[in-house]
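Quick mapping for you: the protein sequence lines, in order, are chains F and L. For the first sequence, this note's numbering assigns the number 1 to the initial residue and increments by one for each residue that follows. For the second sequence, this note's numbering assigns the number 1001 to the initial residue and increments by one for each residue that follows. Note that the Cβ used here is the ideal one computed from N, Cα and C, for glycine as well.
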Amino acid sequence: MYAFNYHRPSTVQEALLLLKSAEDGKLMAGGQTLIPTLKQRLAQPSDVIDLGRIKELVGITEDGDAVVVGGMTTHGAVATSPLVEARIPGLAALAHLIGDPQVRHRGTIGGSLANNDPSSDYPGAVLALDATIVTDRRKIAADDFFEGMFDTALEEDELITSVRFPVPAKSAYRKFPNPASRYAMAGAMVAVTVGGVRVAITGAGPCGYRWTEAEQALEGGLDPAAIDGLTVAADDLNSDIHASAAYRANLVKVMTKRAVEALA
Amino acid sequence: MSEVSFKVNGSAVTVDVEPRTLLVDALRQNLGLTGTHVGCDTSQCGCCVIHMDGTSVKACTMLAVQAEGSAITTIEGLAQGDELHPMQAAFRDHHGLQCGFCTPGMIMSAVDLLQHNPKPTEREIREWLEGNLCRCTGYHNIVKAIQAAAGSAVSSPMAAE
Ligand SMILES: Cc1cc2nc3c(=O)[nH]c(=O)nc-3n(C[C@H](O)[C@H](O)[C@H](O)COP(=O)(O)OP(=O)(O)OC[C@H]3O[C@@H](n4cnc5c(N)ncnc54)[C@H](O)[C@@H]3O)c2cc1C
Ligand code: FES
Ligand code: FES
């Protein structure tokens, strides 16, 4: 790991100032992606700004018809929150499938979304539940957030403060995990929301996306057979040592059908 | 260099480390607590699992400076004098280890599981161990040891001395 200066601010304001004044500063949340990256010398920030002591970023609250998850809330806290379990059990179940217990004890929703790993799980929930990503300066709709592989609508110095999930009628997530890392080779989250059925796919393409054909097919009813007639083109899907694009294309259908089955 | 103060196995310590020093290196090199192992550089093997403020975490995926003010327990902190912790005793009795490299992390992870879930099912134990890799045992006896530590009757003969 290359050397860096370390800072531990106690407010968002302080963190943003530190980020601005650093030559090449990097925020650190749970460190479950950043620290392995630093260890491999794939990044060389001048300053690491640890968000770990900013209390205002942690916690899960109910706000009207939405559940609001603070940016520094861990996957473990979401997975075991009685509030999330009661209001959006599909979200708690998704968080429970991320990595392993120790990764869930440290890794955060803000870190996961900012990183936007193509095989991460949260994009599925954010897109299917039509969540809003709240930052230090604005609100970003789920549909505008994920821009490409490891690429989001966030500006260089923008900080995710919370994520607002409208409570759906029901939702379910199914993923095919990589057997070693547990990252999604393909995952599908299906939700019945006030705006209709939403189907989000993660793990398969460069970043999470909505599968609109499947949404239309399910408008007539939550029947897994409705997915059968759809074709998934492999052209834009990821191909790596774990799975070919064609295999992922098939997984997209299978995971979607399983999620629909869980809802029906 | 930064001074970092925290508690390890009940004793207050201060170490002088660089910000980039991993917690696992501070434990092993500055404090001589070599029971916490390093088995990978990808945060996947779980040999380095310790407890920070009562929760299991990977000491290889934390900076030492992040531990400031916290209370850490390592494998060395489980036994009471000569008396093994019940989880350690169960691993010994049920042959839950062969080379022993993964064992400190397995035990720290398993102790955390029983804190949250005192009577886990076999499936819950296996799911909980997703972040702990063992290249020797094939896991069955590890699962049995944890079941035994949780008070379930399991049938495995006492390991030979
Ligand atoms: C062994 C292992 C298995 C894993 N398996 C899975 C899995 O199955 N599914 C999955 O989805 N993920 C998985 N992960 C990734 C894990 O969920 C990470 O926790 C997550 O991707 C990053 O979150 P973090 O809080 O650790 O962020 P960090 O690593 O601290 O930061 C990641 C990036 O986000 C930026 N950032 C952090 N917080 C904010 C913020 N609030 N605002 C703006 N930018 C911010 C940082 O600057 C950095 O660039 C795994 C990780 C490991 C080590
Ligand atoms: S040393 Fe492998 S996970 Fe920590
Ligand atoms: S006992 Fe050898 S790695 Fe587990």
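Closer than 7 Å to some heavy atom of ligand 3: that describes the Cβ of Cys-1136 of chain L. It is roughly 27 Å from the alpha-carbon of Asp-117 of chain F to the alpha-carbon of Cys-1134 of chain L. Of the candidates F:Pro-168, F:Leu-113, F:Asp-121, F:Ala-114, the residue whose Cα lies closest to the Cα of Asp-100 of chain F is F:Asp-121.
If only complete runs of 3 or more residues are kept, the segment 124-183 of chain F shows the beta strand (DSSP E) at 132-135, 139-141, 146-148, 160-166, 170-177, in order along the chain.
DSSP places Asp-1016 of chain L inside the beta strand (DSSP E), whose first and last residues are 1011-1017. Among the CB atoms of chain F, none fall inside 8 Å of the CB of Asp-1053 of chain L. Listed along chain F are Tyr-6, each with a C-beta nearer than 8 Å to that of Ser-1002 of chain L. Nearest neighbour of Pro-45 of chain F by Cα position, chosen from F:Leu-18, F:Gly-64, F:Ile-54, F:Glu-56, turns out to be F:Leu-18.
Taken through DSSP and simplified to helix, strand or coil, Gly-1077 of chain L comes out as helix. With a cutoff of 8 Å on beta-carbon distance, Arg-87 of chain F and Val-134 of chain F are scored as not near each other. At a cut-off of 8 Å between beta-carbon atoms, Asp-121 of chain F makes no contact with chain L. The beta carbon of Thr-37 of chain F lies closer than 6 Å to those of Ala-43 in the same chain, with the five residues before and after it left out.
Here Ala-186 of chain F has Phe-176, Gly-203, Ala-204, Arg-248, Leu-251, Val-252, Met-255 as same chain residues with Cβ atoms under 6 Å from its own Cβ, once five neighbours each way along the sequence are excluded. Secondary structure at Ser-119 of chain F: coil, using DSSP grouped into helix, strand and coil. Here Pro-206 of chain F has Pro-118, Gly-148, Met-149 as same chain residues with Cβ atoms under 6 Å from its own Cβ, once five neighbours each way along the sequence are excluded. Assignment of Val-69 of chain F by DSSP, reduced to helix, strand and coil, places it in the strand class. Taken from the Cβ of Lys-1058 of chain L, at least one heavy atom of ligand 2 lies inside 7 Å. Leu-91 of chain F is a Cβ neighbour of Leu-129 of chain F, given a cutoff of 8 Å. Within chain L, the residues placing a beta-carbon under 8 Å from that of Pro-101 of chain F are Ser-1056, Ser-1109, Asp-1112, Leu-1113, Trp-1128, Glu-1130, Gly-1131, ordered along the chain. Contacts between Met-1 of chain F and chain L, judged by CB atoms closer than 7 Å, involve Arg-1020 in chain order. For the pair of segments examined, the segment 1057-1073 of chain L was found not to touch the segment 1088-1096 of chain L: the number of CB pairs separated by less than 8 Å stays below three. Under the Cβ distance rule, Pro-36 of chain F counts among the residues neighbouring chain L, one pair being separated by less than 8 Å.
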